[in-house]
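Chains as they are written, first to last, in the working numbering: chain A, 65 to 731; chain B, 65 to 731.
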C-alpha cells in the first residue's frame with residue numbers, strides 16, 4: 065500500500081526506531097522499575113496487539129486452513145520426559161568464564177564472533193587510514209552525522225575496535241570461521257579460542273576452556289519438591305506425548321498435524337539484541353506426522369511455483385553465503401529440499417511471513433549445517449529475515465524423522481506407532497532369528513533374557529552380519545552385549561532370510577516441524593514496517609498492513625469543540641462493537657496534523673475525523689495512513705468501509721475508485 | 065437454542081460426561097504416557113479450541129469494547145518483586161502431614177471439609193437406616209442403577225462414610241464450620257483439627273498441626289543461578305509494574321484499565337477435582353485504575369438494571385448461604401456492593417459468562433469474608449458457578465485499593481502516582497512540620513536523617529498527636545523510631561496546622577481487579593452444556609453456542625459414494641478460508657445418524673451434508689444440532705448462512721423463517 069515516492073531515502077537508524085518503540089510502548093524490559101532482568105521483556109498495548117494479531121493470523125493460515133489439531137500443553141515438564149527427549153544431556157550452549165573474574169561469563173561462539181569481527185573492523189580501519197594518509201584528507205572536521213554514528217556504534221558494542229592491520233591470509237581465516245560459526249562443537253571452539261588468543265575484550269583477561277551449559281530452567285513440583293522438573297524449552301514434547309490421543313481423534317489416519325502456540329523458556333547465557341535473544345518467548349509450532357515412505361503432500365502444487373532464495377549447507381561449508389533462486393518445485397525435484405512436505409511448509413511459511421508484512425526481498429531459506437543441527441533433526445531449513453542485526457533465524461523447518469516418538473515409546477513402553485491395514489498384503493524378505501528354547505535357556509541361564517533382547521533389537525544389517533558368521537564354516541558367532549561377549553551357535557539360534565507376508569503395516573511416523581519464533585518475527589516486522597516520510601523526517605511511520613496493525617482505526621475530532629465529543633464516542637463504540645480496535649485521540653492541545661503523525665507511529669492504518677460538517681450532515685472523513693489521502697461519506701458508510709478494509713474484503717484502491725478525494729486542509 | 069422438550073430428564077452423571085470428555089480429547093492428564101503429574105492437564109483439539117474461543121470473546125467483550133490496554137508480561141519473576149507484593153510471605157495454604165507417614169500431606173481446610181462431610185453423610189445414613197428399619201423395606205434388591213450410583217460415589221471419594229448417628233448440636237456445629245471453611249486462619253484450623261479429632265481418613269493416623277506452605281514454584285535466572293525467582297502466581301504484578309508506561313500511553317488520564325491473558329502457576333498441596341484445582345492455568349485479568357475519590361463509572365447505567373443473586377459476607381458469617389436477589393443498581397445504592405466500578409464489572413462479568421453459555425440460574429455473586437480475602441484486597445466478590453462439585457469460584461472481582469502500587473513505589477522509590485491539574489486550586493488545612501536546620505542537625509547528629517524520615521512518613525493523625533504533645537505545656541514530645549526514643553522540642557521542630565493551596569493533586573490510584581480462571585469457566589461450561597436427547601439416551605450432546613463451539617460446522621457425505629469427495633472437500637476448504645473451523649467426517653463405515661451423533665459429542669452446532677441431490681443441482685442440507693432440523697439450499701448459500709450464524713449476524717430461528725424444513729430421512 066505504501067507509495068515508495070512518499071518515503072524518505074534517509075538510511076535506517078535503529079536507535080531512532082528503538083526510541084519510538086519505547087515511547088509508544090511496543091515493548092520494554094520486564095521489571096524495569098526494579099532494574100530489569102536481562103532477556104526478559106514485556107509487551108505493551110501496541111506490541112501485544114501486534115503479537116496477538118500475528119498469532120491470530122497464524123491460527124487462520126495454519127490451524128484452520130490446514131485443519132490442524134491445536135493443543136495446549138503444560139509448561140512445567142518432568143525431568144524424565146526431557147531426559148528421554150535428549151534435552152537434559154544435549155540442550156546446551158558452550159560457556160566460558162573470565163579466568164580472573166569468574167562471575168563474568170560468555171557464550172563461547174558469541175565471544176569469538178565479537179572478537180574476530182572487532183579485529184576485522186580494526187583491519188579495515190587501519191587499511192583506510194593508510195589510504196587516507198596517502199590521499200590527503202581535505203575535511204579535517206567530522207560532520208555531525210558522522211560523530212553521532214560513531215557514538216552509537218560505540219554504545220552498541222562493548223568490544224573495542226583498534227586500528228590494526230592483519231595479514232590477508234588471517235582476514236580470510238577469520239571470515240571463514242565467521243561464515244560457519246554455528247557449526248563448531250565444544251572442542252572446535254576451544255581450539256579457536258586457543259589458536260587466535262581470544263580473551264575478554266573488556267579486560268584482556270584469558271578465558272576458560274568452553275564447557276556445555278544446559279539452557280533449561282529448573283524447578284520442582286509438589287509440596288516436598290519431590291519431582292524435579294523444567295520449564296519447557298520448546299512446545300514440541302507435549303505434542304509428541306499426546307500422539308496416541310491425537311491419532312485417535314484423527315480417526316487413526318495419517319498424515320495429520322498438531323499445533324501449539326505457547327510460551328517456552330531458555331536460560332540464555334548472555335541475552336542480547338533486544339527481542340532476538342530472550343529467556344522467555346512465545347512460539348508457534350506444528351508437528352506434521354507423515355508416513356516415512358510417503359513424504360509427498362497433496363497440496364504441493366499450490367506452492368511449487370513460488371520462487372525463493374535458498375542457501376544450501378554445501379554453499380556455506382565452502383565459506384560462501386550466496387543464495388540460489390529456485391522454485392520450490394525445482395528445489396524438491398533437484399533434491400536440494402529433501403521432500404514435498406518439507407517444501408510445502410517452506411512455501412506456507414513464506415506465504416505467512418509476507419502476508420503479515422515481512423519484505424520478501426529480505427527473506428531467505430538457509431539449510432542447517434551438520435553440526436549446527438539440533439540433536440533430533442535430520443534436515444532443517446531456517447527462514448531467515450534480514451534486519452539491522454544481520455540475517456535472523458525466525459522460523460525453523462526441521463525433519464525430526466522418527467526420533468521423538470521412538471525415544472518416548474522406548475522409554476515408556478507405550479506404542480507410538482501407526483497401524484495401516486493393507487489392501488494388498490505386503491510380501492518381502494527379512495532376516496529372522498529363531499531360538500531353540502530347550503537349549504538356549506539352560507545354556508545362557510540368567511543371561512538368556514539380555515541375549516534374547518539383544519537379538520530382538522538388531523537392525524536388518526546387523527542380523528545379516530551375525531547370520532553370515534553363524535552360517536559360515538565355523539557355525540558360530542560372537543556377539544558383544546553391553547561389553548560382554550557371548551558365543552552363539554546354530555544349535556542355540558538360527559538366523560535365516562524368511563518371506564514375510566503382512567496384512568497390517570506398522571510404522572513410527574516421521575515428523576516435519578515448522579517452528580516459529582514469534583518475537584523475532586515481530587521485531588523483524590517492526591524494522592521492515594518502519595519508514596520516514598519525505599515531507600516530515602522528524603517522525604517515523606510504522607506501515608503495518610490492516611491485518612496486523614495494533615489499532616485499526618483512529619477516531620479524532622478536528623478540534624476541541626465540545627459538540628464533537630458525542631459523535632466521536634459513538635463512532636468509536638460502534639467500531640469496537642464490530643470487533644475493530646479503535647483508538648480515540650481527543651487531546652485538544654495538539655493540532656490534527658500532529659495527532660495524525662502521533663498515530664502514524666502506532667501504525668494505525670485508518671483515521672476517521674469528526675469536523676464541523678459532521679454536525680451538519682453526519683458525514684466524516686476517512687484518511688489512509690500511507691497515502692495520507694482522504695475521502696468523505698456518512699458515518700455509517702465509513703464505519704462499514706473500515707470494517708471491510710480491516711477484514712480484507714475491500715482495499716483502499718477500491719475505495720478510492722468509488723469515493724472522490726477530499727482536500728485535507730487540516731493536515 | 066436448545067428446546068427443553070428434546071432433552072432427557074435423566075439426572076446429570078459426571079462419570080458419563082468425563083468419559084465423553086476424555087474420548088473426545090477435551091483434556092487429559094499431561095505426560096499421561098509417563099504416568100501423569102497431579103494438577104497438570106493438556107487441552108486437546110476440542111478443549112483448546114473452546115479455551116481459545118473463550119479468550120477471543122473475552123478480548124472482544126473486555127479489551128476491545130472497553131478499550132483496555134492489554135499487555136503481555138514475563139512469567140519468570142524475580143523474588144524481590146514478589147517479596148514486595150507480599151506473595152513470598154503470605155501466598156500460602158495450610159498444610160499438615162500424616163504424623164506416621166510424613167510423605168502423605170493434606171491441605172488442612174480440604175482435609176477438615178472431607179472428614180466433616182463424610183461424618184455428616186454417615187449421620188444421614190444412620191438416620192435413614194433407622195427410618196427404614198421402621199418402615200419395613202419392600203424391595204430387597206437394589207436396582208442396577210442404584211448399584212451403579214453407589215459404585216461411582218465410592219470411586220469419587222476416598223473418604224470412607226460410616227453410618228454413625230451424630231448429636232443434632234454436633235451436626236449444626238459441623239454445618240457452621242463448613243459454611244465458613246474459607247474463613248479460618250492457621251490457628252483456627254489447628255483448633256478444629258484438635259477439637260474434632262480430625263485424622264487421615266484412609267489410615268486413621270493423627271495429622272500434624274497445620275503450617276503455612278508457599279504455593280509459588282521457585283527457579284533461578286542466569287548462568288550461575290544468581291537471581292532467585294518464581295513462576296508468577298497471578299498475572300497482576302506485571303501489570304502494576306508497567307503502570308507508569310501505561311499511564312503515559314493513556315495520555316496521563318485516569319480511569320483506564322490494563323489487561324492480560326496468560327499462564328499462572330501454583331504449587332497446590334494436593335490438586336484435585338480435575339480442572340478446578342490445578343498447578344498451571346490460564347488466567348485473564350483486568351486492572352482498572354480509578355481515582356479513590358471517584359469510584360463511579362460512566363457506563364454504570366448500562367448494567368444497573370441487571371438483577372443478580374448476591375450472597376453477602378454477613379449472611380455467610382451467620383452460617384447461611386441464602387442469596388438475595390437485587391439489581392446491581394440497588395446493590396450499589398444500598399452499600400452491599402462498595403462502589404459503581406465494582407458493580408459495573410460485576411455486571412460485565414455476568415454478561416460475559418452468560419454470553420459464552422453459563423446457565424444464569426446456576427450463577428451467584430458471593431462476597432469474601434474478612435479472613436478469606438487475599439492479603440491485598442479490601443473487598444472482593446466472586447462469581448461462583450454451580451457444578452456437580454458444588455459452587456465454584458470462577459471469577460474474582462476485588463478492590464485491591466492502592467495496595468500494590470504503594471508497596472512497589474515504596475520499595476523501588478519510583479513514583480507510581482497520578483498528577484491531576486486542578487482547574488480550581490484545592491485549599492485545605494493540613495498538619496505540617498518545619499525543621500530548624502541550624503539546631504536539628506547538630507542536635508541529632510547522625511540520627512538526623514532517620515528522625516527527618518520518620519516525621520515525613522507520619523500520617524495526618526500521627527502528626528496531630530505529636531503536635532498536641534509538642535504544643536502542650538511541656539513544649540516537648542517523645543517519638544519512637546524503630547524502637548529508639550528521641551525527644552523533640554519546639555526549638556528543633558515546629559508542627560502546626562497550615563492552609564495548603566494545591567494546583568496539582570497527586571494520588572495513588574485504586575485498583576479494581578476482575579480476575580478470570582478460564583479453566584474453571586471452561587469446565588463449568590462443559591457441565592452446563594451437556595445434555596442427553598430424549599430419543600437417544602446413549603449419547604451425550606454438548607450444546608455449545610456457535611460463539612464458543614470448537615468446530616463450527618461438520619461437513620459430511622450421505623454415504624461412501626466416491627463422487628461426494630469432491631464437493632465435500634471444496635465446501636470444507638471454502639468454510640476454512642472464511643475462518644470457519646470445519647470438520648470433515650467421511651468415515652464410510654458409520655451411518656450418517658451415527659456420524660451426526662458423534663459430532664454432537666464435539667458440540668458442533670451445524671452440519672452440511674452432501675447427498676445425491678448435490679450431484680444434480682449443487683444443493684446441500686444444513687442441520688442444526690439441538691433441534692436436529694434441516695433445510696436445503698445451494699452450496700454457496702449454505703456456506704454464507706453458516707458464516708452468518710457463526711458470526712451471530714443471523715440466528716437459526718431467522719433461517720427457519722426463510723427456508724422450508726426438509727425431511728431428514730437419513731437420520
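Even glycine gets a Cβ: it sits at the ideal position worked out from N, Cα and C. Keep in mind the model is a prediction, meaning the values are calculated, not measured.
Checklist entry - Apart from the five residues on each side of it in sequence, which residues of its chain come closer than 8 Å, Cβ to Cβ, to residue 220 of chain A? => result For residue 220 of chain A, the pLDDT reaches just 41, beneath the cut-off of 50, and the residue's location in the model is therefore unreliable, although a value from the coordinates is still provided. Beyond the five residues adjoining it in sequence on each side, residue 220 of chain A comes within less than 8 Å, by CB distance, of no other residue in the same chain.
Checklist entry - Counting Cβ pairs, one atom from each stretch, are 3 or more of them under 8 Å apart for the segment 562 to 572 of chain B and the segment 504 to 512 of chain B? => result Output reads no: the segment 504 to 512 of chain B does not touch the segment 562 to 572 of chain B.
Next on the checklist: Distance check for residue 639 of chain B and residue 348 of chain B, CA to CA, integer angstroms please.
Outcome noted: Taking the CA atoms as reference points, residue 348 of chain B sits about 30 Å from residue 639 of chain B.
Checklist entry - Looking at chain A, which residues of the segment 639 to 656 of chain B have a Cβ within less than 7 Å of any of its Cβ atoms? => result 640, 641, 643, 645, 651
Checklist entry - Cβ of residue 339 of chain B within 8 Å of Cβ of residue 587 of chain B? => result yes
Next on the checklist: For the segment 135 to 154 of chain B, list every residue whose C-beta sits within 8 Å of some C-beta in chain A, in sequence order.
Outcome noted: 135, 136, 137, 138, 139, 140, 141, 142, 144, 145
Checklist entry - Near residue 164 of chain B, what residues of its chain come up, given a Cβ to Cβ distance below 7 Å and the 5 sequence neighbours on each side ignored? => result 269
Next on the checklist: Could you give the first and the last residue of the continuous alpha helix (DSSP H) run that contains residue 415 of chain B?
Outcome noted: 404 to 420
Item to check | Local conformation of residue 583 of chain A per DSSP, three classes | outcome: helix
Checklist entry - Going by beta carbon distance, what residues of the same chain come within less than 8 Å of residue 121 of chain B, once the five residues before and after it are set aside? => result 416, 419, 420, 611, 612
Item to check | residue 467 of chain B: contacting residues in chain A (beta-carbon distance under 9 Å) | outcome: Those do not exist, as residue 467 of chain B stays about 16 Å from chain A at its closest Cβ, beyond 9 Å.
Item to check | Close-in-space but distant-in-sequence residues of the same chain around residue 81 of chain A (CB under 8 Å, 5 per side omitted) | outcome: Cβ within range, chain order: 590, 591, 594, 604.
Item to check | Every unbroken alpha helix (DSSP H) within the segment 497 to 552 of chain B, with a cutoff of 4 residues, ordered by chain | outcome: 501 to 508, 512 to 520, 524 to 534
Item to check | residue 344 of chain A - containing beta strand (DSSP E), residue span | outcome: That run of the beta strand (DSSP E) goes 344 to 354.
Checklist entry - Using 8 Å as the limit for Cβ to Cβ distance, is residue 98 of chain B near chain A? => result yes
Next on the checklist: Using CA atoms only, rank isn't needed, just tell me which of B/383, B/377, B/284, B/258 is closest to residue 343 of chain A.
Outcome noted: Checking every option, the nearest Cα to that of residue 343 of chain A belongs to B/284.
Checklist entry - Does the distance from the CB of residue 83 of chain A to the CB of residue 106 of chain A come in under 8 Å? => result no
Item to check | Short CB-CB distance (under 8 Å) between residue 575 of chain A and chain B | outcome: no
Checklist entry - If you check the beta carbons only, do residue 632 of chain A and residue 648 of chain A fall under 8 Å apart? => result Yes, they are a contact pair.
Checklist entry - What separation, rounded to the nearest whole angstrom, lies between the Cα atoms of residue 384 of chain B and residue 247 of chain B? => result 14 Å
Next on the checklist: By alpha-carbon positions, which one of A/187, A/326, A/167 ends up nearest to residue 135 of chain A?
Outcome noted: A/326
Checklist entry - Based on Cα-Cα distance, which residue from A/564, A/331, A/497 lies nearest to residue 552 of chain A? => result Looking at the Cα atoms, A/497 is the closest of the given residues.
Next on the checklist: Going by DSSP in three states, residue 370 of chain B sits in which element: helix, strand or coil?
Outcome noted: In the structure shown, the three-state DSSP call for residue 370 of chain B is coil.
Item to check | Contact set between the segment 111 to 138 of chain B and chain A, restricted to residues whose Cβ is under 9 Å from the partner | outcome: 111, 112, 113, 115, 116, 120, 123, 124, 127, 128, 129, 130, 131, 132, 133, 134, 135, 136, 137, 138
Checklist entry - Helix or strand or just coil, what does DSSP make of residue 726 of chain A? => result strand
Checklist entry - For the segment 96 to 153 of chain A, which segments carrying the beta strand (DSSP E) assignment without a break, of at least 3 residues, lie completely within its bounds, in sequence order? => result 105 to 107, 140 to 142
Item to check | Contacting residues, own chain, Cβ-Cβ under 6 Å from residue 78 of chain A (five flanking each side not counted) | outcome: 452
Checklist entry - When the cut-off is 8 Å and only beta carbons count, does residue 472 of chain B lie next to chain A? => result Yes, contact with chain A.
Next on the checklist: Which residues does DSSP list as the beta-bridge partners of residue 263 of chain B?
Outcome noted: B/270
Item to check | Within the segment 272 to 337 of chain A, ranges of the alpha helix (DSSP H) (whole runs, at least 4 residues) | outcome: List check, alpha helix (DSSP H) in window: 300 to 305, 307 to 313.
Checklist entry - At a CB-CB cut-off below 8 Å, which residues of chain B make contact with residue 169 of chain A? => result Annotation: Cβ neighbours of residue 169 of chain A in chain B (cutoff 8 Å, chain order): 287, 288.
Checklist entry - Within 8 Å (strictly less), CB to CB, does residue 73 of chain B reach chain A? => result For residue 73 of chain B, the answer is no, since every Cβ of chain A falls outside 8 Å of its Cβ.
Item to check | beta strand (DSSP E) runs contained entirely in the segment 631 to 665 of chain A, provided each spans 3 or more residues | outcome: 646 to 648
Checklist entry - With DSSP run on the structure shown, which of helix, strand or coil describes residue 608 of chain B? => result Coil.
Checklist entry - Using the rule of at least 16 other Cβ atoms within 10 Å of the residue's Cβ for burial, across every protein chain shown, is residue 616 of chain A buried or exposed? => result buried
Checklist entry - How should residue 381 of chain A be labelled, buried or exposed, when 16 other C-beta atoms within 10 angstroms of its C-beta is the threshold for buried? => result exposed
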